[in-house]
Amino acid sequence: MNQTNKPNTLSPNKCVDDYADYLFNYAVVRVNDSNIAKDLVQETFFSGLKSAKNFQGKSTERTWLVSILKRKVIDHYRKINSKKGQAEVRMSFYDNGEDKGNWIEERVPQSWDNEAEKTIENDELKSQLDECIDYLPEKYAMVFRMKTIQEFETEEICKELDITPSNLWVIIHRARTQLRNCMEKNWFNK
Amino acid sequence: MFKKIKITCDEATAICDKAQYGEASFYEKLQLNLHLLVCKICALYSKQNRKMSAIFKLRATSCKQEIKCLSKIDKHALKEQLNQFNESV
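Just so you know, the sequences run in chain order A and B. All residue numbers for the first sequence refer to our numbering, where the first residue is 20 and numbers rise by one. All residue numbers for the second sequence refer to our numbering, where the first residue is 79 and numbers rise by one.
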C-alpha cells in the first residue's frame, strides 16, 4: 500500500475547512478576543504543517491540532501573567499591618438601590458587566471568564493554565470583589 | 483540631466566593457562617454575592448560545499563507 509509505502531509485547504472553526471556537472561549484567537489558530496550523511528519496518525488530526493549540493557550496565559508592570486588581482589604484582612473603608460594600429590578436580564446589564470584566487585569479576566462564564471545572482550568486550585481561588476572589465594586458604582448605585 | 475558627473579612469573602460555585468545604462554610453572624459588612457582601452570581449566570447562558466562527475572508487568507508556507519548505 502506497499510502502508508507516504509521509504525512496535511493539505492546508482541507485542514482549514475541516478544523479552523472548531479551533477558533476553542481559542475564543478561552482568550475572549477574536484577534488573539485568530493568531493562535494561525500559529497552530503553522506548527502543525511544520511538524506534520511527526504526526503518527495515532490520534485524529483534530485531537492533534487541539493539543498544539493547548500549548499556545498556555503560552498566551504565561505571557499575560508575566507582563512587566501588569496592572493588579484594586484590593478591597488591607494586606498588611494591624488591619490585615479587614475591609478598606472606601471599598466597603454599600447597599444597592432597586436591586430586584436591576437584575432582570437585558442588553444594558450584559454590556455593563462585560465592561467591568474588561477593567480587570487580563489574567484575572481570563480565569474569571473560564470559571464563571464558560463554566469550566476548576480542575480543567488548573490543568490547562498550569496553576494550582489555591491560585485559582485567589484570582476568582479578587476578580469578584472588584467586579462587585464596579457593578455597584456603574449599575446598582449609578 | 479547630485551631482557626476565627477568620478575617478577606478570608470570609474568599470562602463566600468559592461557595458560589459549590466548592467550599464543610469546615470552610462553618468558618464563614460564624463570621457572618458577627460581621454585618460580610453578611451584606454575601447577600449581594448571590445576586452577582445570578447576573453571571445570565451572561453564561447567553454566551453559550453564541458559536463563533472565522469569516470566509479570514479562512481564505489563512489558506493562502499556509499554501505559501508549504511551497517554501
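Every residue, glycine too, gets a C-beta built ideally from N, C-alpha and C. What you are looking at is a predicted structure, and each value in this text was computed from that prediction instead of being measured.
Quiz item: Given that a residue counts as buried once 16 or more other Cβ atoms are within 10 Å of its Cβ, and exposed if not, what is Lys157 of chain B?
Solution: buried
Quiz prompt | 8 Å contact criterion, which Glu179 of chain A and Val50 of chain A should meet: CB distance rounded | solution = Taking a contact as a CB-CB distance under 8 Å, the pair Glu179 of chain A and Val50 of chain A does not count as one, their CB atoms being some 12 Å apart.
Quiz item: Does the stretch 190–209 of chain A come close enough to the stretch 119–131 of chain A to have 3 or more Cβ pairs within less than 8 Å?
Solution: yes
Quiz prompt | Helix, strand or coil at Trp131 of chain A [DSSP, three-state] | solution = coil
Practice problem: Check the Cβ of Asn121 of chain A against every Cβ in chain B and list those closer than 7 Å, keeping chain order. | Solution: Thr86 and Cys87
Quiz item: List, in order along the chain, the chain A residues whose C-beta lies closer than 8 Å to that of Lys150 of chain B?
Solution: Neighbours of Lys150 of chain B on chain A: none; closest Cβ ~11 Å, over 8 Å.
Quiz prompt | C-alpha gap between Asn186 of chain A and Asn161 of chain B, whole angstroms | solution = Answer to the nearest angstrom: the Cα atoms are 42 Å apart.
Quiz item: So, does the CB of Ser78 of chain A fall closer than 8 Å to a CB anywhere in chain B?
Solution: no
Quiz item: Helix, strand or coil: how does DSSP classify Phe112 of chain A here?
Solution: strand
Quiz item: Using a beta-carbon distance below 8 Å, is Phe134 of chain B in contact with chain A?
Solution: Closer than 8 Å: yes.
Self-check item: Closer than 7 Å at the beta carbon, the chain B residues around Thr196 of chain A
Solution: Thr91
Quiz item: Do we get a CB-CB distance below 8 Å when we pair Glu106 of chain B with the residues of chain A?
Solution: no
Self-check item: Met20 of chain A versus Lys96 of chain B - alpha carbon distance
Solution: For Met20 of chain A, the predicted structure reports a pLDDT of 40, less than 50, and the residue's modelled location is therefore unreliable. A value from the coordinates is still provided. Met20 of chain A and Lys96 of chain B: Cα-Cα distance of roughly 57 Å.
Self-check item: Where Phe112 of chain A meets chain B, residues with beta-carbon distance less than 7 Å
Solution: Cys87 and Asp88
Quiz item: Between A:Ala56, A:Ala46 and A:Ile87, which lies nearest to Lys69 of chain A when the distance is taken from Cα to Cα?
Solution: Checking every option, the nearest Cα to that of Lys69 of chain A belongs to A:Ile87.
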